[in-house]
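In the order they appear, the protein sequences are chains A and R. For the first sequence, this note's numbering gives the first residue as 1, with consecutive numbering after it. For the second sequence, this note's numbering gives the first residue as 212, with consecutive numbering after it. Cβ coordinates follow ideal geometry from the N, Cα and C atoms, glycine included.
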Amino acid sequence: MAYPRMAAADARTVTSAPASKTILTATDISRTVDRIAHQILEKTEGATDAVLLGIPTRGFPLARRLAARIEAFESRAVPVGVLDVTLYRDDLRLRGTRAIGRTDVPAGGIDGRLVILVDDVLFSGRTVRAALDALGDLGRPRAVQLAVLVDRGHRELPIRADYVGKNIPTSLIESVRVRLAETDGTDEVQLWAGTDASARATGATATEASA
Amino acid sequence: MIRHLLSAADLDAATATQVLDTAAEMAGLADREVKKLPTLRGRTVVNLFYEDSTRTRTSFEVAAKRLSADVINFSAKGSSVSKGESLKDTALTLQAMGADAIVVRHQASGAPHRLTRWINGSVINAGDGTHEHPTQALLDAYTMRSRLGRLAGLQVAIVGDVLHSRVARSNVLLLHTLGAKVTLVAPPTLLPVGVGSWPADVSYDLDATLTGADVVMMLRVQRERLSGGRQDSFFPSDREYARRYGLDAIRLRRLPEHAIVMHPGPMNRGVEISAEVADSTRSTIVEQVAAGVSVRMAVLYLMLGGGAR
Numbered sequence: 001m002a003y004p005r006m007a008a009a010d011a012r013t014v015t016s017a018p019a020s021k022t023i024l025t026a027t028d029i030s031r032t033v034d035r036i037a038h039q040i041l042e043k044t045e046g047a048t049d050a051v052l053l054g055i056p057t058r059g060f061p062l063a064r065r066l067a068a069r070i071e072a073f074e075s076r077a078v079p080v081g082v083l084d085v086t087l088y089r090d091d092l093r094l095r096g097t098r099a100i101g102r103t104d105v106p107a108g109g110i111d112g113r114l115v116i117l118v119d120d121v122l123f124s125g126r127t128v129r130a131a132l133d134a135l136g137d138l139g140r141p142r143a144v145q146l147a148v149l150v151d152r153g154h155r156e157l158p159i160r161a162d163y164v165g166k167n168i169p170t171s172l173i174e175s176v177r178v179r180l181a182e183t184d185g186t187d188e189v190q191l192w193a194g195t196d197a198s199a200r201a202t203g204a205t206a207t208e209a210s211a
Numbered sequence: 212m213i214r215h216l217l218s219a220a221d222l223d224a225a226t227a228t229q230v231l232d233t234a235a236e237m238a239g240l241a242d243r244e245v246k247k248l249p250t251l252r253g254r255t256v257v258n259l260f261y262e263d264s265t266r267t268r269t270s271f272e273v274a275a276k277r278l279s280a281d282v283i284n285f286s287a288k289g290s291s292v293s294k295g296e297s298l299k300d301t302a303l304t305l306q307a308m309g310a311d312a313i314v315v316r317h318q319a320s321g322a323p324h325r326l327t328r329w330i331n332g333s334v335i336n337a338g339d340g341t342h343e344h345p346t347q348a349l350l351d352a353y354t355m356r357s358r359l360g361r362l363a364g365l366q367v368a369i370v371g372d373v374l375h376s377r378v379a380r381s382n383v384l385l386l387h388t389l390g391a392k393v394t395l396v397a398p399p400t401l402l403p404v405g406v407g408s409w410p411a412d413v414s415y416d417l418d419a420t421l422t423g424a425d426v427v428m429m430l431r432v433q434r435e436r437l438s439g440g441r442q443d444s445f446f447p448s449d450r451e452y453a454r455r456y457g458l459d460a461i462r463l464r465r466l467p468e469h470a471i472v473m474h475p476g477p478m479n480r481g482v483e484i485s486a487e488v489a490d491s492t493r494s495t496i497v498e499q500v501a502a503g504v505s506v507r508m509a510v511l512y513l514m515l516g517g518g519a520r
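This is how it looks when you write it as structure tokens:
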């Protein structure tokens, strides 16, 4: 590993260390969400039958932000839900039992509708595969699309996003940390040098590691 | 999460709360069209039942099947146990068949504990003698929490045959861990020796206890365990028992507005609980059964869902 592992407290206080680089600032994230909202409206011709389903943890606040922007642009409320995929993961046996999150599908359900899955980071594609399986048990959408804030590459499955906030070329020893005001108190996307393990030691990349 | 679930005392407050929170998520599955999760695909759960049971066995079976585990139901009747096979030999046989978890009910207190020494998989106690029934305590706690919104500070009266009740013991231990206050109400003949050391108050007066209770849990009078069928050595008659320790409509009115009535089933209607009370809106008896499936799904997931320990 290129950089020594840092204790959690150090990682947060050291700002000039070369270990991390800010990829998106709060302003960038806000513009990116606006753009994706416009792209959804354009590609789906008004998102009339769309349902936004966020994947915990950070996909859910992103889905709510997208819905709020779509409503601001077109005065149309888009249903928002949250879809926990833990019980559908293919790596459950690779580590200790994971806590499961909340699943809450909007009242209208997903049958015959356009479901747009929303997540913060697209990495191996395994989370999205799990989400597709979970959707199959909830109903039969007309179509499923995927929106992500960051695509960092290294896909392990034939999956691609329909809406991408930013493509970030990464190496496997780097990690992407997304922070959102709703979950982390601030809006920021950073690229960290070091393996997932060292990044996880800072307690910040739980969704990235699973994305 | 713990490897075996033998006693409600195996669960600390954080783990017990994790089970209840997980169960709350599992409960959402009951409203879905496809009531199935792929989570425990390829795992084998054995229901090893030496005693009769309706709800516990079917509840574990439904829970395991909803998580896609393979389920083998083994009951002592109709098996080699009736030819004299020992618990150990039966356990080793099931082990050789690749059981990842054994859900065991046995008439001997401590049988699940013995089982853990012979097999590699997880052991879940589904009721052993007069000792413990931890998943019943979990589903009772889940029902209380979903009806009343909290557990800490609740006043819970557990009424009846405490002496033979594994449900009472597990509930006292779990509710104490989760911050509720338990009062045991029973005739002196139906209280176990050493009940003074339990983390619960003891009362012989049901009416006095009812006025301050948030939850009243009625226990079944376990006729099959009343020594040699000589019920009259514990109390004179069903009528006298019902008059002093049974919950009827008149006593129900003494309860605070919000209080709920629970019963682990099966009920002796007219003895510990009147039919009117059992069928009232205050009674959570049917909810408890539904909660049982969610709680057992949570336990199976938390014990078997992860990788090698």
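Residue i at chain A interface by Cβ criterion, 8 Å
{"i": "R/P249", "result": "yes"}
{"i": "R/L513", "result": "yes"}
{"i": "R/Q576", "result": "Beyond the ends of chain R as shown, which are 212 and 520, falls residue 576 of chain R; an answer cannot be given."}
{"i": "R/R464", "result": "no"}
{"i": "R/V482", "result": "no"}
{"i": "R/T233", "result": "yes"}
{"i": "R/V245", "result": "yes"}
{"i": "R/G239", "result": "yes"}
{"i": "R/G517", "result": "yes"}
{"i": "R/M212", "result": "yes"}
{"i": "R/E296", "result": "no"}
{"i": "R/E468", "result": "no"}
{"i": "R/E435", "result": "no"}
{"i": "R/E487", "result": "no"}
{"i": "R/E498", "result": "no"}
{"i": "R/E236", "result": "yes"}
DSSP beta-bridge partners of residue i
{"i": "R/N258", "result": "R/N284 and R/V314"}
{"i": "R/D412", "result": "R/T394"}
{"i": "A/D151", "result": "A/L122 and A/N167"}
{"i": "R/V472", "result": "R/V427 and R/S494"}
{"i": "A/T22", "result": "A/Q190"}
{"i": "A/A181", "result": "A/A181 is not bridged to any residue."}
{"i": "R/N336", "result": "R/V315"}
{"i": "A/L175", "result": "In the sequence under discussion, the amino acid at residue 175 of chain A is Ser, which differs from the Leu named in the question. According to DSSP, A/S175 bridges with A/W192."}
{"i": "R/A368", "result": "R/T394 and R/V427"}
Check whether residue i and residue j have beta carbons under 8 Å apart
{"i": "A/V115", "j": "A/P141", "result": "yes"}
{"i": "R/M182", "j": "R/A352", "result": "Nothing in the structure corresponds to residue 182 of chain R, since chain R is present only between 212 and 520."}
{"i": "R/D425", "j": "R/L365", "result": "yes"}
{"i": "A/G54", "j": "A/V118", "result": "yes"}
{"i": "R/L217", "j": "R/P323", "result": "yes"}
{"i": "R/V373", "j": "R/P403", "result": "yes"}
{"i": "R/L384", "j": "R/A220", "result": "yes"}
{"i": "A/F296", "j": "A/L41", "result": "Not covered by the structure: residue 296 of chain A. The range shown for chain A is 1 to 211."}
{"i": "R/E483", "j": "R/L466", "result": "no"}
{"i": "R/R507", "j": "R/S270", "result": "yes"}
{"i": "R/S505", "j": "R/A287", "result": "no"}
Interface flag, residue i vs chain R, CB-CB below 8 Å
{"i": "A/L138", "result": "yes"}
{"i": "A/R142", "result": "no"}
{"i": "A/T103", "result": "yes"}
{"i": "A/D133", "result": "yes"}
Close Cβ partners of residue i (< 7 Å) along its chain, the five nearest in sequence each way excluded
{"i": "R/R266", "result": "G476, V500 and G503"}
{"i": "R/V282", "result": "V256, N258, E272, A275 and K276"}
{"i": "R/S320", "result": "D339, G340, T341 and H342"}
Neighbourhood of residue i by C-beta, 6 Å cutoff - its chain only, sequence neighbours within 5 removed
{"i": "R/S414", "result": "T394, V396 and T420"}
{"i": "R/M428", "result": "I369 and M473"}
{"i": "R/E262", "result": "R316 and Q318"}
{"i": "A/Q190", "result": "S20, T22 and R177"}
{"i": "A/T207", "result": "Its pLDDT being 41, under 50, A/T207 is placed unreliably in this model, and the value from its coordinates should be taken loosely. Answer for A/T207: T57, R58 and D120, listed in chain order."}
{"i": "R/G517", "result": "none"}
{"i": "A/D162", "result": "Q145 and L146"}
{"i": "A/R155", "result": "G125"}
{"i": "R/R436", "result": "H375"}
{"i": "R/T327", "result": "H215 and V334"}
Close Cβ partners of residue i (< 8 Å) along its chain, the five nearest in sequence each way excluded
{"i": "R/R480", "result": "A486 and A489"}
{"i": "R/G332", "result": "Q306, A310, D311, A312 and I313"}
{"i": "R/T228", "result": "L389"}
C-beta neighbour in chain B for residue i, strict 8 Å
{"i": "R/Y261", "result": "In summary, chain B is missing from the structure at hand, where the protein chains are A and R."}
beta-carbon residue i near the ligand SAM non-hydrogen atom, thresh 7 Å
{"i": "A/D104", "result": "With respect to the ligand SAM, the structure offers nothing, as it holds no ligand at all."}
May I ask you to list, following chain order, the residues of the stretch 74-99 of chain A that have a beta carbon less than 8 Å from some beta carbon of chain R? D84, L87, Y88, L92, R93, L94, R95, G96, T97, R98 and A99
Report the residues of the stretch 358-371 of chain R with a CB closer than 7 Å to any CB of chain A, ordered along the chain. none
Could you run through the stretch 259-276 of chain R and flag, in chain order, every residue whose CB is less than 7 Å away from some CB of chain A? none
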